[in-house]
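Here's the structure we're looking at; comments come further down.
Residue numbers (my numbering), protein chains in the order written: chain A, 75 to 420; chain B, 75 to 420.
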């Protein structure tokens, strides 16, 4: 049976078993995500976070910036990640950063409880930024006058610290939102924004049970707020029905997900429910990026989560609905990074 | 003695041996570089080239875009390259792309005769983009409708071809110019733009012989034009005087430069003369990136090229002059890349 392991929230599934659309679970994207009280937004912090986001010097070898794997010129994930990441020892599909502020936990296994914590986790991960300790990065960036003045503006203290690096990048990431998808305009009242196939797809999305997990502003369960405390995850078992042909074909259970964090046997193949926004842009699919085609992904979900067979035309309708979740990407100007001044900081 | 191996140009060194400033060799940066007749600029081509420049899908494993090593948020080279590049099998310092259209050949060893040719060379280099043939990249990009329409707009033909990839990226790269440095404004008549130390530095730059190679709009010898055909390189021996302490310390002759391209013994330790624009931003220095500090680089040049000892205050004055070569970086908006449409193209 389907199971949630959600710390504080329990959704009554019966809500979703009728064929009446559960519109209270369909919500447009808010203008901004919830901002944590201990890291209020400021233009200085956002500007600094953007510089850090695009700076390769945040990796030990200067090889990658945040943007290398979470490409903001595209879908905020790593196009080609399914090919590239295993070479780095990463066997999980890079999640998109668009609308990331609407999530309550970070990583597929929810091992970081905040965007801020996730930053330092990346910096110290030997497969990613590969610093052996925070001080090494702090010292490198402290040698750049441009960063010292930017940290002074953002935090009142010119000293570069890992804590403030995390706060600045998280502040920038909370601006990465894609509002005004056709779905959002539809739910706000413009009923022409979904064509007939997309409307059939939305009905199927509710009736078949997809909405029982993929609800809320980000189609990823509850956003942080009254219903779900920041840091508490919204999880689902995947695959829920075991032993399907898909499980073998796509090696879905080679990775045990949340279990690797908690070592609790109850958490085997539990995963944070991912967002569906902009999903036509974020191929390949699933935690291991094993599935290239969204149609196939929908068929798989139906079978392995609900043990339904779903017809080709139903799949096509659901995909037509999912296409309406593509929002408007904001224009982003490339920041100017703090420059060296005749001396290499590396 | 000093030697040029320049296919068609011979500079009369006597011009530089007087202490009179050779002002005809000091030129401000033109608004645009020379545009080759077979690849005229167009806004559509430049826009397409910018998309390709920021697209990781131009590397086999999706790991790097052009911008990964030639970071336009910074100095157009790889901050940290001296650390990162050896891991990729590259032991040469990444040259900046700013003002690159003013060069007549590409790479430290001038093995590419045009910006267009340099693009396909990067795509097929196993250490960089790592495609085994052009068709593999063409096929990948041809699967993206957004590229097909962009190629149609730029070239009248929707089919993605390596030739047109090269033309588009080169067109974009020819827009990457940093005009209006203090030096440029000075040479155009604003005599206050150089302070006293910088003026002393400019005089030293001429008197000590630096200008005999680092002249012209890019301080890298003749730009392509009447004096130097596109594709013909402007080379210099480095080190010119052998056996100095620097040669050992910085392993300058581990790499034989142009010789590796031509196998002509005359070309051992011959290098394309690099630009000095924005040089305070492009640390570390020299073909192997072995020198971290610009002051040390100036001392080294004096000793290994001219066998002069140069005083600390003279070095400081030359550095003060070199600081005036920092131009205005244009604002760059991040492009939106052609997106997948529910199917991974990798």
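The beta-carbon is built from N, C-alpha and C at its ideal position, and this holds for glycine as well.
For residue i, does the three-state DSSP call read helix, strand or coil?
| i | result |
| --- | --- |
| residue 346 of chain B | strand |
| residue 203 of chain B | coil |
| residue 359 of chain B | strand |
| residue 123 of chain A | helix |
| residue 331 of chain A | strand |
| residue 387 of chain A | helix |
| residue 87 of chain A | Reliability fails at residue 87 of chain A, whose pLDDT of 39 lies under 50, so the model's placement of it is uncertain and no value is given. |
| residue 186 of chain B | strand |
| residue 135 of chain B | coil |
| residue 128 of chain B | coil |
| residue 392 of chain B | helix |
| residue 219 of chain A | helix |
| residue 260 of chain A | helix |
| residue 246 of chain A | helix |
| residue 195 of chain B | helix |
| residue 311 of chain A | strand |
| residue 367 of chain A | strand |
With a threshold of 9 Å between beta carbons, is residue i in contact with chain A?
| i | result |
| --- | --- |
| residue 418 of chain B | yes |
| residue 129 of chain B | yes |
| residue 78 of chain B | In this prediction, residue 78 of chain B has a pLDDT of 45, which is less than 50 and means its spatial position is unreliable; nothing more can be read from the coordinates. |
| residue 213 of chain B | no |
| residue 250 of chain B | no |
| residue 403 of chain B | yes |
| residue 163 of chain B | no |
| residue 242 of chain B | no |
| residue 415 of chain B | yes |
| residue 219 of chain B | no |
| residue 179 of chain B | no |
| residue 369 of chain B | yes |
| residue 348 of chain B | no |
| residue 174 of chain B | no |
| residue 384 of chain B | no |
Taking Cβ positions only, does residue i come closer than 9 Å to chain B?
| i | result |
| --- | --- |
| residue 286 of chain A | no |
| residue 397 of chain A | yes |
| residue 410 of chain A | yes |
| residue 138 of chain A | yes |
| residue 341 of chain A | no |
| residue 261 of chain A | no |
| residue 146 of chain A | yes |
| residue 202 of chain A | no |
| residue 356 of chain A | yes |
Leaving out the 5 sequence neighbours to the left and right, which residues in its chain are closer than 8 Å to residue i when beta-carbon positions are compared?
| i | result |
| --- | --- |
| residue 382 of chain B | 282 and 376 |
| residue 148 of chain B | 355 |
| residue 207 of chain A | 198 |
Which residue wins for smallest C-alpha separation from residue i, given the options the options?
| i | options | result |
| --- | --- | --- |
| residue 339 of chain B | B:311, B:362 and B:356 | B:311 |
| residue 373 of chain B | B:361, B:416, B:387 and B:288 | B:387 |
| residue 227 of chain B | B:368, B:117, B:384 and B:264 | B:117 |
| residue 164 of chain A | A:417, A:240, A:363 and A:408 | A:363 |
| residue 306 of chain B | B:288, B:241 and B:179 | B:179 |
| residue 411 of chain A | B:114, B:247 and B:146 | B:146 |
| residue 190 of chain A | A:409, A:393, A:115 and A:267 | A:115 |
| residue 275 of chain B | B:130, B:143 and B:389 | B:389 |
| residue 408 of chain B | B:125, B:196, B:102 and B:112 | B:125 |
| residue 309 of chain A | A:263, A:332 and A:327 | A:332 |
| residue 384 of chain A | A:234, A:225 and A:278 | A:278 |
| residue 234 of chain A | A:298, A:225 and A:105 | A:225 |
| residue 268 of chain A | A:104, A:392 and A:403 | A:392 |
| residue 103 of chain B | B:295, B:209 and B:320 | B:295 |
| residue 170 of chain A | A:143, A:188 and A:193 | A:143 |
| residue 240 of chain B | B:188, B:291 and B:265 | B:188 |
| residue 291 of chain A | A:109, A:181 and A:350 | A:350 |
Which residues in the same chain as residue i place their Cβ atom closer than 7 Å to its Cβ, once the five residues preceding and following it in sequence are excluded?
| i | result |
| --- | --- |
| residue 334 of chain B | 183 |
| residue 120 of chain A | 245, 246 and 249 |
Give me, in chain order, the residues of the same chain whose beta-carbon lies closer than 6 Å to that of residue i; leave out the 5 immediate sequence neighbours on both sides.
| i | result |
| --- | --- |
| residue 219 of chain A | none |
| residue 406 of chain A | 146 |
| residue 100 of chain B | 261 |
| residue 203 of chain B | 132, 133, 196 and 197 |
| residue 394 of chain A | 271, 272 and 275 |
| residue 371 of chain B | 359 and 365 |
| residue 129 of chain B | 139 and 411 |
**Prompt:** Can we say the stretch 133-140 of chain A touches the stretch 248-264 of chain A, given the rule of at least three CB pairs closer than 8 Å?
**Reply:** no
**Item:** Segment contact flag, the stretch 256-275 of chain B with the stretch 393-406 of chain B, C-beta cutoff 8 Å, min 3 pairs
**Value:** yes
**Asked** On the three-pair Cβ rule with 8 Å, is the stretch 207-216 of chain B touching the stretch 344-361 of chain B?
**Response** no
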